Structure formats: C-alpha cells, structure tokens
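Trainee: Handing you this structure, nothing more for now.
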Amino acid sequence: MHKAHVAAYAHLSAQPIDRGTMTASASEKTGPTPLLLVEGITKRFGDLIANDAVDFDILAGEIHALLGENGAGKSTLVKMLFGSLKPDGGRIVWNGEPVSIPNPSAARHLGIGMVFQHFSLFDSLTVAENIALSLEDDVPLPTVADEAGRLGEVYGLTLNPEALAGDLSVGERQRVEIIRCLLQEPSLIILDEPTSVLTPQEAERLFETLDKLKAEGKSILYISHKLDEVKRLCDRATVLRHGKVVAQCDPRTETAKSLAAMMVGEEVQAVRRTHDAPAGDDSGRDIVLGVHNLDQPPIGPFSTPLRAIHMNVYAGEVFGIAGVAGNGQSELFEALSGEQLQDNPNAVTIGGTPAGRLGPNGRRRLGAAFAPEERFGHAAVATMPLTENILLSRHASDASAYQSGGRLGMLRRSALGRTLSRVVDAMDVRKSGENPDAGTLSGGNLQKLILGREFDRRPRLFIVNQPTWGVDAGAAARIRQALMDAATAGAGALVISQDLDELLEMCDRIAVIHDGEMSEPLDARTVTREQLGLLMGGAEPEKHHGVAA
Amino acid sequence: MSPDVIQAILITVVTAATPLLIAALGELVVERSGVLNLGVEGMMIIGAVTGFGAAQITGSPWAGVLVAIVCGALFSLPFAVLTLSLATNQVATGLSLTLLGLGVAGMIGEQFVGLPGVRLEAIAIPGLVDIPLIGRLLFGQDPIFYLSILLAFGVWWFIFRTRAGLTLRAVGDSHGSAHALGINVLRVRYLAVMFGGACAGLAGAHLSLVYIPQWVENMTAGRGWIALALVVFASWLPLRVVIGAYLFGAVTIAQFHAQAQGVAIPSQFLSALPYLATIVVLVLISSNRRMTMRNTPASLGKPFVPDR
Numbered sequence: 025m026h027k028a029h030v031a032a033y034a035h036l037s038a039q040p041i042d043r044g045t046m047t048a049s050a051s052e053k054t055g056p057t058p059l060l061l062v063e064g065i066t067k068r069f070g071d072l073i074a075n076d077a078v079d080f081d082i083l084a085g086e087i088h089a090l091l092g093e094n095g096a097g098k099s100t101l102v103k104m105l106f107g108s109l110k111p112d113g114g115r116i117v118w119n120g121e122p123v124s125i126p127n128p129s130a131a132r133h134l135g136i137g138m139v140f141q142h143f144s145l146f147d148s149l150t151v152a153e154n155i156a157l158s159l160e161d162d163v164p165l166p167t168v169a170d171e172a173g174r175l176g177e178v179y180g181l182t183l184n185p186e187a188l189a190g191d192l193s194v195g196e197r198q199r200v201e202i203i204r205c206l207l208q209e210p211s212l213i214i215l216d217e218p219t220s221v222l223t224p225q226e227a228e229r230l231f232e233t234l235d236k237l238k239a240e241g242k243s244i245l246y247i248s249h250k251l252d253e254v255k256r257l258c259d260r261a262t263v264l265r266h267g268k269v270v271a272q273c274d275p276r277t278e279t280a281k282s283l284a285a286m287m288v289g290e291e292v293q294a295v296r297r298t299h300d301a302p303a304g305d306d307s308g309r310d311i312v313l314g315v316h317n318l319d320q321p322p323i324g325p326f327s328t329p330l331r332a333i334h335m336n337v338y339a340g341e342v343f344g345i346a347g348v349a350g351n352g353q354s355e356l357f358e359a360l361s362g363e364q365l366q367d368n369p370n371a372v373t374i375g376g377t378p379a380g381r382l383g384p385n386g387r388r389r390l391g392a393a394f395a396p397e398e399r400f401g402h403a404a405v406a407t408m409p410l411t412e413n414i415l416l417s418r419h420a421s422d423a424s425a426y427q428s429g430g431r432l433g434m435l436r437r438s439a440l441g442r443t444l445s446r447v448v449d450a451m452d453v454r455k456s457g458e459n460p461d462a463g464t465l466s467g468g469n470l471q472k473l474i475l476g477r478e479f480d481r482r483p484r485l486f487i488v489n490q491p492t493w494g495v496d497a498g499a500a501a502r503i504r505q506a507l508m509d510a511a512t513a514g515a516g517a518l519v520i521s522q523d524l525d526e527l528l529e530m531c532d533r534i535a536v537i538h539d540g541e542m543s544e545p546l547d548a549r550t551v552t553r554e555q556l557g558l559l560m561g562g563a564e565p566e567k568h569h570g571v572a573a
Numbered sequence: 645m646s647p648d649v650i651q652a653i654l655i656t657v658v659t660a661a662t663p664l665l666i667a668a669l670g671e672l673v674v675e676r677s678g679v680l681n682l683g684v685e686g687m688m689i690i691g692a693v694t695g696f697g698a699a700q701i702t703g704s705p706w707a708g709v710l711v712a713i714v715c716g717a718l719f720s721l722p723f724a725v726l727t728l729s730l731a732t733n734q735v736a737t738g739l740s741l742t743l744l745g746l747g748v749a750g751m752i753g754e755q756f757v758g759l760p761g762v763r764l765e766a767i768a769i770p771g772l773v774d775i776p777l778i779g780r781l782l783f784g785q786d787p788i789f790y791l792s793i794l795l796a797f798g799v800w801w802f803i804f805r806t807r808a809g810l811t812l813r814a815v816g817d818s819h820g821s822a823h824a825l826g827i828n829v830l831r832v833r834y835l836a837v838m839f840g841g842a843c844a845g846l847a848g849a850h851l852s853l854v855y856i857p858q859w860v861e862n863m864t865a866g867r868g869w870i871a872l873a874l875v876v877f878a879s880w881l882p883l884r885v886v887i888g889a890y891l892f893g894a895v896t897i898a899q900f901h902a903q904a905q906g907v908a909i910p911s912q913f914l915s916a917l918p919y920l921a922t923i924v925v926l927v928l929i930s931s932n933r934r935m936t937m938r939n940t941p942a943s944l945g946k947p948f949v950p951d952r
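Residue numbers (our numbering), protein chains in the order written: chain A, 25 to 573; chain B, 645 to 952.
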C-alpha cells in the first residue's frame, strides 16, 4: 500500500497544476489550522481506484467546493468523510487531531453533517418523525416539531411537521434534510449536488441559507458540477478528475470555462446548432406528435396526474419540456410511449395517425422512438449483452431485420451484430470486448448506446426523458449533437429535461410542466431563465413558500 | 340459543384465535422491519413440540411455555443468518424454514406421540369472572390469552409510541436511508426476526399446552400460514390484527359447528375462507393506495447489503 502511495504522489507532482493554485500542504504551513485536513486518502473498488491519494483541507467559516464530473470520485470521497465507506489508505485530521470515522454516527459526533444528493427520507413517515430519527437522543415528537420550526424560521426553511415525507416536493424534502442536519449543530456541513433538483428560485433560497450559515462560522463542503453556482457561492475549490486532485483554485477569479477545462481535462466542445426551425409559421410543417387534451389520473400514491396536456411537435424541431423532478415528467413520458394507454385514440397522434390505444410497439411502428429516464430496469437490462439490449426495443418494429423463420421468430444474430457496430461507431460507445453485458458500460456509454439504437432506426419522432442525466460532459455533448442532427434531418424531437442549460442550448421551443400541467410553449431564442424558473415553481411563489410550520 | 351457549361458543372462538393473534403480532414486527419470514408455521410447530416436551419432562406447563419461546427464537436464527448476513432470498429461505421445522418437530415429537399432556390451567380472575355473559369469556381464560391481549397493545405502543418503534418502521421503509443515518439495519432486523420467532414459539405452546394438550404431528395444521395472511389482512396495523385474528378464529370454529349442525357447507370451503378473506381485503385496501403506502413496509422482502 505504501508503494502505491508513493507512485500516486509522484503522479500528482508530475501533473501540471493550473495557475493560482496551491496544494493542501502549502496552505497548512502558512494558514491557520484547518478544520478538516485530508491527506493521501485512497479508495479502491477492485481494479478501479476511485480516490487516488487525495489531499485537501477545509478552513473554518469557508464554503469549499468539490468539483468534478460524474465518476470523478466526489461521492466516494465524501462517503469516507461521513463514515459510510472505509478508506484504504491516507488519513483524516479533524481540528488538528488525526481521527478515524468508522460510521456516520462517529462523523456526527465529530460535528460533520451531511445533506444527501438522493434524499434519504422515509416516505411513509412524517416530517417530524424523519427529523427525530436523525437525533441521537429520544426527543419527544412535539419538541422536535418546535425545534424544527424555530430553525426553519431562522434559516428560512418553512415546513409542516405533520406532513408525510412522501407527499413533499423535492425542494421541501431538501429542507427537511437541511434542518435534520442543522439540529445536530455540525461545524462542517456536506452538501452533495444540492441544486440538481431545484428550480433556480429554490436554489437561490438555498444559497441565502448557506450564506447565513457561513456568516455564523460554519464550514460547508459543496459538491457540484454546476460552475455558475460554485462561482457564486464558494471561497475555494478542489477539482477532482479520475479520482485525483488536479487543481485547487479560487473559483471567483476563474471563469466557468477555465473551471470546466480543469474538470474535464480538455476543452468541452460546444454543440453546433445545425438547424433553425422557421419561427412563427407552423402551417407548412408536418406535425409528428400531436397531444390533445391528455388527462391521466395518478397511477400510484406518489405519482402526479396529467391535466389537459396539449402540444404539437413539428418535423424538424427540438421541443423541450422543462420542470422540477416529480412534476409529471415520468407520467407524461409513459403516456406518450404507450406504457400507459389513453382512452381516446386521438389524445396522442403520431405522424397524424391516432395512437392513443396503441402500446409501445404499435407506436414504434408508426415511426416513434423512446428513451426513458432510468437506464437500468427501463431502458436496458444490465445482465444482457449489448446485442440483446438492442433487440429489446426493436424486436417488433424491426422484426423483419432481426427475425427469420416466420412465426418461429429465430433471431438473426449476425444482423444484430452489424447493428451494434453501426451504433458503436455512430455514437462512439466505449466498451470492453466485442459484445459485453450492458452492466459493464459506464453511465455515459450506456446512454449513448440506448439513444444510438434508436437513432439507428431513423425515427420520425424521438421522445427522450432526461437524456444526459448522470452522463459526463463529453458524452452529453455527443448526445445533444445527435438529437439536434436528427431534427436537422427532418425528425421531431421531444426532450424532457431538468437541465435548463441543456434545453436552452438544443431546443426551438420550450414548455414547462408543473404539477401535471403544461405551459404554453415559449420560443427558446427569446425566453429567459427567470421566466422558465417562475413557471417551474408554479408561477405562484406564495403557494410554494406558504406551508405553515 | 341461551346466553351461556353463546358464551361457550365465543370462548372456543377466542381459544382458536389466540395462537393466530400471537404468531401474527410477531410476524407483524418482523415485516415492519422489512423482512418477510414465511417460516412462521415451522417456528410455531417447533414451539409446540418443545413446549410439550419441556412440560412433560418437568411437569410444569410454565417451563413448557418458556422453553417454547426460547426455542422459537433460536429456530428463527438460521433464517436470520441466511437472509440478513448472507442476503439470501427471503421467500425461499422462509419456506425452507417451515419445511425444516415440520420435519424436526416430527422427529423430536416421535417419543411424545400418545402421551397425556400437561395442561396450562385457566386463571379465573376472582369477582370479574362471575359477570354474566362476558365473565368467563374475558376473565376466566388461560394465561396465554391475557398475554396475547397485553402483547397486542404492547406491540401497538412500541411501534407507534416509542423511538425504537420509529427506528423499526424506518428500517422497514428504506433500509438504505436508515443505514445512511447510522442505524444498524441488520441488528434491528435480527432482533425483529427473533421476536417473531419467540412469538411463533409461544403460539405453538398455546396449541400443545392449552388448545389440545397433547402432541400430534403437524398439529399446527396451517395456522402459521393463516397468521401470515392475517398480517396482510390487517395492513400491518397491530390492533387490526386483533380484529382479524378473532374473525379468522370464528371461521375456524364455524367449521366445527357447521359440521355438527349438519349444514351442507364443504369443510374445505370454510378452511379456505381466511385466505379468501385476505384476498378480498387486499383488493379493497389497494383501492386506497395512500393508506397502503403509509403502512406497507416499502423494503419488505428486499435484502440489504451495506457498502464496504
């Protein structure tokens, strides 16, 4: 293990470190004792080195950013700081004392609190019960509710303690997490991608809370890959790439572009806008997807009903649907893909043909293609090889290409193999071996395959939900480019996404879905982020903030 | 029918319901922790045979009760080790536990076949037992009956009024979140499974020391399965288990009375009634999804493997 360390350090010092940066050990010598000092932390999962001799420090009263792409090792590092994972090497120094953090409870005793990326709330319990669970002592529920209310008032985090966690909006769930964390009076608060599910307005409210906490002398470790907010909020940033610290800097003096270059290690290619749908005049263009008064009752207890959805997607355009997670996006996707059928065949038309009573294969035969949000369990099967995953979505719509023997339905493996190589070439899918299981691909490569198998059909209509969620910047740029190219070639694309930047970059028109209702589409060239943000929050701020505590 | 006859019938209903109630309360706690243990029948019969044996050997029915509780809990341990520590499939493991229990009990019990049993005598509460109509029904029963009522309220109070019960519900709702909070998920589940085993053992002791004070092979006769159905029937609420247990107990007794009265209902139909009722209830509660989600342990049956 010692040898591995030396090698890792050697690598680090050989790395060209960007201007205006300093290493952790340098700041340790010159500055005050850091609150937290991490030296040479290493974590391996099998052959993969998730964290390779990571060094960094956090001072009291600072907001420190941990920047990096998906898979750079941020979450692994944080899990070790919070005691959910055990480091394989290196040491953690807290207030000048070397410590070991065997479990989350030990982390909390030290004064480290964490707000999780995927909120770890218990849906069937109330807000007060959720908060009480995170306290070490057995505090009666009314006391918990009072205390939560007091903190909520101080930091602007209003909540109803009697509400079921499963009924809360994502923003409200995050408030529960933060209050839960604050009740333990931590001196370091770790926030893992806190704004990934918030509207811009909700995010701004979160930033105000964080500024207040900082003013009280608390330290915050802020994990993100959103550069604007890191520049807005953070005093220092540590950049991780492939598990190594590649730079430390003051984000306020950097540009978003220079930060991105540190994260990715190369200049990210901007997506070229290859088409521009003619504005205003819709008369001459084909409607590839028509949705008319689509109503759908909630499917499950935590699902959103769809209310009178109405839209037309024209050939040659990219139509975006923005919205905060859980406002009916999945339900809309399932209604359009045919996983949920409509009563009225005309509620959904594809290429002018009524499709409301058709299942996914019927709709695919009309020239539609779908890529759902969840890669495993919905779009692909982890334990099947790539060729079989291609067959999964195309066995019916391209039956003649992949099956022979009439009713016997014998698979034509050679044809599947040729399709796989076409998809791999077209989308630059990086894989190990000829035809590995889908589970061995990284998130970005699997997503490229899932979209690529649909592009390969040259569909007239492309419906995709969260196309670049959890995908690294390079793969995301490729996916966006492919979607825009498809539109240029005359297809219509409907893109459901939480990422406003992505939508503004790709789309011709953008509508917002909130609580199962869809806004009128807006011209993407003229709309502002603020307008979209207001619509995403329901355009009724009172409704959003007014939950009595 | 005279009031005394009605009371006599009700007493048989309560006696038939008590083992169902106790086993179901135990399984309710297990399932609230997110573990589905289909081995209730097996743990119950182990309780029945060890309880009978211990009472035989010592001559004390109370020793039998104690041994049955301990053996029920111990017998749940292999299930706990396999499904919790080794994360095996809970359904398959639970079924094997039932088969194993029936076999082991038959083997241990061979020497007890035909022996006269030791009965755990009823305890009449002085004064109250003489109340007309309900006196003997409520205050002239065996001690395990009183225990079952205390257990029902105890389990309710534990689950909804204590911190430990909140932890139990949290583990059953989302073991991943519970682990992230620093709750020892496996410890909670081990304790819950062993509590379930102890309850099933006690239920078995009721069968072989109160209900039919002798040992007969396969004497549980599917009561463990009824207890399992009962937990779902009660939508994981302890006080509803009480209602359900007496309802199912009444159906069991109705079989005998129907036969005695010469009513032409096939006994197979009556034995199937509890399961039919469970299916009907499942259909009814599924229409109120919100209620179901509030009480159904979301991680029921899912193995938990912590990161290392």
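Where a beta carbon is used, it is the ideal one built from N, C-alpha and C, also for glycine. Everything numeric in this text was worked out from a predicted model, so none of it was measured.
Contact criterion: CB-CB distance below 8 Å. Does A731 (chain B) meet it with respect to chain A?
Mentor: Output row for A731 (chain B): interface = no.
Trainee: Listing by chain order, which chain A residues have their CB less than 8 Å from the CB of A942 (chain B)?
Mentor: Near A942 (chain B) (Cβ distances below 8 Å), the residues of chain A are D147, S148.
Trainee: Per DSSP, which one or two residues make a beta bridge with A395 (chain A)?
Mentor: A:V488.
Trainee: Using 8 Å as the limit for Cβ to Cβ distance, is N127 (chain A) near chain B?
Mentor: Answer yes: the Cβ-Cβ gap between N127 (chain A) and chain B drops below 8 Å somewhere.
Trainee: Please list, in chain order, all residues of the same chain as R309 (chain A) whose beta carbon is under 7 Å from its beta carbon, the five residues on each side excluded.
Mentor: Same-chain partners within the cutoff: Y338, A339, G340.
Trainee: Find the residues of chain B that neighbour A156 (chain A), judging by a C-beta separation of less than 9 Å, and give them in chain order.
Mentor: Going along chain B in sequence order, the residues near A156 (chain A) (Cβ under 9 Å) are R807, L810.
Trainee: Let me check understanding here. Comparing Cα to Cα, which of B:W800, B:A652, B:A873 lies closest to I923 (chain B)?
Mentor: Considering only alpha carbons, the answer is B:A873.
Trainee: Given that a residue counts as buried once 16 or more other Cβ atoms are within 10 Å of its Cβ, and exposed if not, what is T45 (chain A)?
Mentor: Summary for T45 (chain A): the model assigns pLDDT 40, below 50, so the residue's position carries little reliability; its value from the coordinates is reported in the next sentence. It counts as buried.
Trainee: Note down, in chain order, each residue of its chain lying with its Cβ closer than 7 Å to the Cβ of G107 (chain A), except the 5 sequence neighbours on either side.
Mentor: Same-chain partners within the cutoff: I125, P126, N127, P128, A130, A131.
Trainee: Is there a C-beta anywhere in chain B that falls below 8 Å from the one on R132 (chain A)?
Mentor: It does: the Cβ of R132 (chain A) has a partner Cβ on chain B nearer than 8 Å.
Trainee: Taking the straight line between their C-alpha atoms, what separation do you get for P663 (chain B) and I650 (chain B)?
Mentor: Going by the C-alpha atoms only, they are around 21 Å apart.
Trainee: Mark T591 (chain A) as exposed unless 16 or more other C-beta atoms lie within 10 angstroms of its C-beta, in which case mark it buried.
Mentor: Since the displayed chain A opens at 25 and closes at 573, residue 591 (chain A) lies outside it and no answer follows.
Trainee: Applying a beta-carbon distance threshold of less than 7 Å, which residues of chain B neighbour D162 (chain A)?
Mentor: Correct list: R807.
Trainee: Buried or exposed for K281 (chain A), please, with buried defined as at least 16 other CB atoms from any protein chain shown within 10 angstroms of its CB.
Mentor: When all chains shown are included, K281 (chain A) counts as exposed.
Trainee: Give me the subset of the segment 174 to 195 of chain A whose CB atoms are less than 8 Å from a CB atom of chain B, sorted by chain position.
Mentor: Cβ contacts with chain B: L188, G190.
Trainee: Is F400 (chain A) close to chain B, meaning its C-beta is less than 8 Å from at least one C-beta of that chain?
Mentor: Not one chain B Cβ lies under 8 Å of F400 (chain A).
Trainee: By the 10 Å Cβ neighbour count, where 16 or more other Cβ atoms means buried, how is V907 (chain B) classified, buried or exposed?
Mentor: So V907 (chain B) ends up on the exposed side.
Trainee: Which residues in the same chain have their Cβ closer than 8 Å to the Cβ of F948 (chain B), if we skip the five residues on either side of it in sequence?
Mentor: Within the same chain, F948 (chain B) has close Cβ partners G678, L728, A731, H819, G820, H823, V829, L830, R833.
Trainee: If you follow the alpha helix (DSSP H) that Q320 (chain A) is part of, which residue opens it and which one closes it?
Mentor: Where Q320 (chain A) is concerned, there is no enclosing alpha helix (DSSP H), although the beta strand (DSSP E) it sits in stretches over 311 to 320.
Trainee: Give the secondary structure of G467 (chain A) by DSSP, where H, G and I count as helix, E and B as strand, and everything else as coil.
Mentor: If DSSP states are grouped into helix, strand and coil, G467 (chain A) belongs with the helices.
Trainee: Give the C-beta separation of A699 (chain B) and A707 (chain B) to the nearest angstrom, bearing in mind that I take them to be a contact with Cβ-Cβ under 8 Å.
Mentor: 6 Å between Cβ atoms; contact.
Trainee: When burial is assigned at 16 or more other CB atoms within 10 Å of the CB, is D774 (chain B) buried or exposed?
Mentor: With fewer than 16 Cβ atoms within 10 Å of its Cβ, D774 (chain B) is classed as exposed.
Trainee: Count the CB pairs spanning the segment 197 to 213 of chain A and the segment 151 to 166 of chain A that are closer than 8 Å, and state whether there are at least three.
Mentor: Yes: the two stretches touch, three or more of their Cβ pairs being nearer than 8 Å.
Trainee: Straight-line CA distance for K103 (chain A) to L109 (chain A)?
Mentor: Each residue's alpha carbon lies about 5 Å from the other.
Trainee: Report yes or no: do the segment 454 to 472 of chain A and the segment 357 to 367 of chain A share at least 3 C-beta pairs separated by less than 8 Å?
Mentor: Result no; under three Cβ-Cβ pairs closer than 8 Å.
Trainee: Residues of chain B with CB under 7 Å from E86 (chain A), in chain order?
Mentor: By Cβ distance, chain B contributes nothing, its closest Cβ being about 25 Å from E86 (chain A), past 7 Å.
Trainee: Which chain B residues sit within Cβ distance under 7 Å of F140 (chain A)?
Mentor: Going along chain B in sequence order, the residues near F140 (chain A) (Cβ under 7 Å) are A824.
Trainee: Sorry if obvious, but does the Cβ on I414 (chain A) come closer than 7 Å to a heavy atom of the ligand COA?
Mentor: Of ligands this structure carries none, so the ligand COA is not represented either.
Trainee: Going by CA-CA distance only, name the one from A:T150, A:P321, A:S521, A:P218 that's closest to D191 (chain A).
Mentor: It is A:T150.
Trainee: What beta strand (DSSP E) runs, 3 residues minimum, are completely inside the segment 223 to 289 of chain A?
Mentor: Listed in chain order, they are 243 to 248, 260 to 265, 268 to 273.
Trainee: Quick check for students: name the residue ranges of the beta strand (DSSP E) that lie wholly in the segment 353 to 440 of chain A, counting only runs of 3 or more.
Mentor: You should have 372 to 374, 392 to 395.
Trainee: Mind checking if E412 (chain A) is an interface residue toward chain B, Cβ cutoff 8 Å exclusive?
Mentor: E412 (chain A) does not count as touching chain B.
Trainee: Return the Cβ separation of I520 (chain A) and K472 (chain A) in integer angstroms, given the expectation that the two are a contact with Cβ distance under 8 Å.
Mentor: The pair is not a contact, with the Cβ atoms about 18 Å apart (cut-off 8 Å).
Trainee: Can you tell me which residues form a DSSP beta bridge with F343 (chain A)?
Mentor: DSSP output for F343 (chain A) lists A:L518, A:R533 as bridge partner(s).
Trainee: Within 8 Å (strictly less), CB to CB, does S144 (chain A) reach chain B?
Mentor: With 8 Å as the cut-off, S144 (chain A) counts as an interface residue toward chain B.
Trainee: How is V757 (chain B) classed by DSSP in three states: helix, strand or coil?
Mentor: V757 (chain B) falls in the coil class under three-state DSSP.
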